[in-house]
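Chemist:
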């Protein structure tokens, strides 16, 4: 089974089955190459909806589609479940912990991970949201916080349990905060007997002057108003100076404050996948500050015409000198371009044109029937923007079934404020509340 | 908020939010008692469909419903997320790692766990199926096995990777085997390039003369035929003598054999939750061999009229001297009975009648359009039995939304043979295949 004729044609190895990598693979469907997608997970993750998993609105499987089933019909495409540990550039090989793989063309589309700005010790107290594992952990912390508060008798500790601090006012932070507000005010409204979930304190902490700072100021302002309407505190111009197991230290306009909380979520910074650094050292170049690999106008590393880098792990500077943002649309368009280039090279042609990013607009959801959208110069917010957001994202999801299930689930959740996926999995803390806690006995008193 | 009048009425504490415990709580809705359900999970798990999660047919949230949302409207019912560590019988108290709770009436409905018949060292190699964690782990092993086989070049090791041994021919074992066969022959059919998933070897190993031995012999035989039709090997009269990381040792009619496999699933034995033993020692009585607590005709521990024990953790011997099986229907009927008894006691009445189990029939599914059902003396198999099984189980699921989603998901899966939930989560093994593996490089040769 290794003697298939495809062994004779150029071998394109794509590292990462995200938006960019998958687009590249699928666009090579008709090309005279054989494609291998290497990913350490067996699924493509639709990250824009990951916050829904983290807040119990969707199941992981709703937004994760097995890579094999996506490319099932693409006979020139192979999927390899493996973790890349290093690059042998001269030998045109990928190194795995348990094997290796030769390539003729390499497409690195390994994406990004969290950045704690040199404070990696914060990670355990403030999980970020990039993987399904992250989402499960965040969901666990959110719902455990309410459970712990329900059993807590010390009012200060109960208040801390019901305080949620989201670091970073970008799309992820705003989405998480919006969902948290819905959980507190609607989903859990009648679930508890000893706490009022709606008394939960939800804070967004943002160093910049605005939340959703990538959007025009008027949209930012309207978004901020909407966020406050949802009962969320917005603290701009505010830096996080320390995060511990039970507190966040802030430095803002009104000086330094310490907020007692056991639930901090990280939506602040991203950096490129460490594979970027690995490849950079293998070649002998430098990454940018975000660990991203600088690429030329054809998404190649200068002087390495067999190596393409796309998406969040690439630093692409467009014609007017500004670096492209870490958006799915950038990765997808770069994937499409790289597939075209590789097809040309495979058929003996040369690269005919540089990559050109077309901004088709961006949107961010805030919560129930609230979002902001920027399409060209047109700006939308409120219900229309939200419906737009909903439509676009549903249409983008890879697999029909998931789209249908998500639609059913969302329709149901929207009507009922229900979040059926709020089950707490993963290991339980042995002690949910401090041993000195009195509720459980006191409740029986009298 | 602790001064509510409900503090004056008898406090019924139910340990375990499974079928029995939940039924007890809900049946006490109108009684003049206050109820607290204590569970270490925040959800009620619909165990009959757990095998669907383990095989990627359903998401955990489809079969797990938050306990709080189930009893939301039952104002006299409280839910406590806590793990019981011990019992203070004299003091009528439950002891938690992080608190304690007094009761007037205790209902122990903590269910069962796996029994490895004194070979607990087998657990890591042969996970059982009782919790969502178990299901996730089994799903991970099943789909990782195919991924590893795809990358394996050594034919013997590849064969071992594609060998699945299910220990125990009871309902769980048969359900898992049937689902595995569907995965191998349909779901993954076109997913791989280097292996044929349908070549997977699926074995059921059963010490008894028949699979589904609880059913009449003719049903067993027809079930066994159906199982073989699905391409599953049925080894009855066969004992497991040893399980290691890469092999299962069997002792059967044709002597002793060693089967090379990396995926063994345990469906053989159950024993009562260890809390049964804890309570037995606290009282100073003995459990039965299965660790179950002997109860009298009113589901009480003899001489402990404040302690009721129901479901899989109870050993109830009925009027004609035989012990009731570990079925959901037994737990539910006992829960209903105990609720009635406690209501009477709470209103100053005495227990008027012993518990009487009514067998409404049992059913087990084998796979696609195949099941067996025993209702009174009527026996069904094939498609009708399966539709019956499907209908009964869908109707039994607690929450409407889940029922709807499961229906959509099953309809879709049935038509497409798809299993959308086959994503592999949890920590990945660093080495999926042996480092000496050649496929990854060899594939590029020539």
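Residue numbers (our numbering), protein chains in the order written: chain X, 1 to 446; chain L, 1001 to 1446. Note that the Cβ used here is the ideal one computed from N, Cα and C, for glycine as well.
Spell out the partners DSSP gives residue 1270/L in its beta bridges.
Modeler: Residue 1270/L pairs with 1114/L.
Chemist: Could you check the C-alpha separation between residue 1265/L and residue 1179/L for me, to the nearest Å?
Modeler: 13 angstroms
Chemist: Between residue 50/X and residue 63/X, which are expected to be in contact by the criterion C-beta below 8 angstroms, what is the C-beta distance as a whole number of angstroms?
Modeler: 7 angstroms
Chemist: Identify the contact partners of residue 41/X in chain L, using a Cβ-Cβ distance below 9 angstroms as the criterion.
Modeler: Within chain L, the residues near residue 41/X are 1423, 1424, 1425, 1428.
Chemist: For residue 260/X, report the span of its beta strand (DSSP E) as first-last.
Modeler: 255-260
Chemist: Check whether chain X comes within 9 angstroms of residue 1144/L, counting only Cβ atoms and requiring the distance to be less than that.
Modeler: yes
Chemist: With a floor of 3 residues, list each beta strand (DSSP E) that falls wholly inside the region 1098-1156 of chain L, ordered by position along the chain.
Modeler: 1099-1102, 1105-1108, 1112-1115
Chemist: Can a CB atom of chain X be found closer than 9 angstroms to the CB of residue 1299/L?
Modeler: Not closer than 9 angstroms to any Cβ of chain X, the Cβ of residue 1299/L fails to qualify, so no.
Chemist: Identify whether residue 329/X lies in helix, strand or coil by the three-state DSSP scheme.
Modeler: Helix.
Chemist: Any heavy atom of the ligand SAM closer than 8 angstroms to the beta-carbon of residue 365/X?
Modeler: Questions concerning the ligand SAM fall outside what the structure shown contains, since it holds no ligand whatsoever.
Chemist: At the 9 angstroms Cβ level, is residue 179/X part of the contact set with chain A, yes or no?
Modeler: The structure shown has no chain A; the protein chains it does contain are X and L.
Chemist: Can you confirm whether the region 16-23 of chain X touches the region 31-49 of chain X when touching is taken to mean that 3 or more C-beta pairs between the two stretches lie within less than 8 angstroms?
Modeler: Result yes; three or more Cβ-Cβ pairs closer than 8 angstroms.
Chemist: Could you check where the alpha helix (DSSP H) with residue 1217/L kicks off and where it finishes?
Modeler: 1217-1229
Chemist: Mind pulling the chain L residues with CB within less than 8 angstroms of residue 64/X?
Modeler: 1423
Chemist: Under DSSP, the alpha helix (DSSP H) around residue 396/X begins and ends at which residues?
Modeler: 382-396
Chemist: Mind checking which residues open and close the alpha helix (DSSP H) that includes residue 184/X?
Modeler: Segment: none, residue 184/X is in no alpha helix (DSSP H) and carries neither H nor E.
Chemist: Am I right that residue 1222/L and residue 1381/L are in contact with their C-beta atoms under 8 angstroms? What's the rounded C-beta distance?
Modeler: 5 angstroms
Chemist: Quick one: list the residues of chain X neighbouring residue 1247/L, beta-carbon separation under 7 angstroms, in chain order.
Modeler: For the C-beta of residue 1247/L, not a single chain X residue is nearer than 7 angstroms; the gap to the nearest is close to 21 angstroms.
Chemist: Report back the beta-carbon spacing between residue 182/X and residue 367/X to the nearest angstrom; my notes put them in contact at under 8 angstroms.
Modeler: 6 angstroms
Chemist: Kindly confirm or deny that the region 371-391 of chain X and the region 19-33 of chain X touch, where touching means at least three C-beta pairs closer than 8 angstroms.
Modeler: no
Chemist: Residue 1409/L versus chain X: which residues are under 7 angstroms apart at the beta carbon?
Modeler: Per Cβ cutoff of 7 angstroms: 405.
Chemist: Quick check on the burial criterion: 16 or more other C-beta atoms within 10 angstroms. Buried or exposed for residue 383/X?
Modeler: With fewer than 16 Cβ atoms within 10 Å of its Cβ, residue 383/X is classed as exposed.
Chemist: Quick one: which chain L residues come within Cβ less than 7 angstroms of residue 86/X?
Modeler: Correct list: empty, because the minimum Cβ distance to chain L is about 14 angstroms.
Chemist: For residue 1079/L, tell me which candidate among 149/X, 421/X, 292/X has the shortest Cα-Cα distance.
Modeler: 149/X
Chemist: Would residue 1204/L and residue 1168/L be called neighbours here (beta carbons separated by less than 9 angstroms)?
Modeler: yes
Chemist: Any idea if residue 1008/L is buried or exposed, counting beta-carbon neighbours within 10 angstroms, 16 or more meaning buried?
Modeler: exposed
Chemist: Taking the beta strand (DSSP E) that residue 357/X falls in, what are its first and last residues?
Modeler: Looking at the DSSP string, residue 357/X is not in any beta strand (DSSP E), and its letter there is neither H nor E.
Chemist: In or out: residue 1291/L buried (at least 16 other Cβ within 10 Å) or exposed?
Modeler: buried
Chemist: Could you give the C-beta distance for residue 1110/L and residue 1285/L, rounded to a whole number, given that I count them as a contact under 8 angstroms?
Modeler: Not quite, the Cβ-Cβ distance comes to about 16 angstroms (not below 8 angstroms), so this is no contact.
Chemist: For residue 1294/L, does the three-state DSSP call read helix, strand or coil?
Modeler: Residue state for residue 1294/L is assigned as strand, using DSSP reduced to three classes.
Chemist: Kindly indicate if chain L contains any beta-carbon less than 9 angstroms away from that of residue 217/X.
Modeler: no
Chemist: Please report the straight-line C-alpha distance between residue 327/X and residue 1414/L, rounded to a whole angstrom.
Modeler: 36 angstroms
Chemist: Would you list, in chain order, the members of the region 103-129 of chain X that have their beta-carbon closer than 7 angstroms to a beta-carbon of chain L?
Modeler: none
Chemist: Could you check where the alpha helix (DSSP H) with residue 24/X kicks off and where it finishes?
Modeler: 19-27
Chemist: Can you name the residues of chain L whose CB is closer than 9 angstroms to the CB of residue 171/X?
Modeler: By Cβ distance, chain L contributes nothing, its closest Cβ being about 24 angstroms from residue 171/X, past 9 angstroms.
Chemist: Mind checking if residue 191/X is an interface residue toward chain L, Cβ cutoff 9 angstroms exclusive?
Modeler: yes
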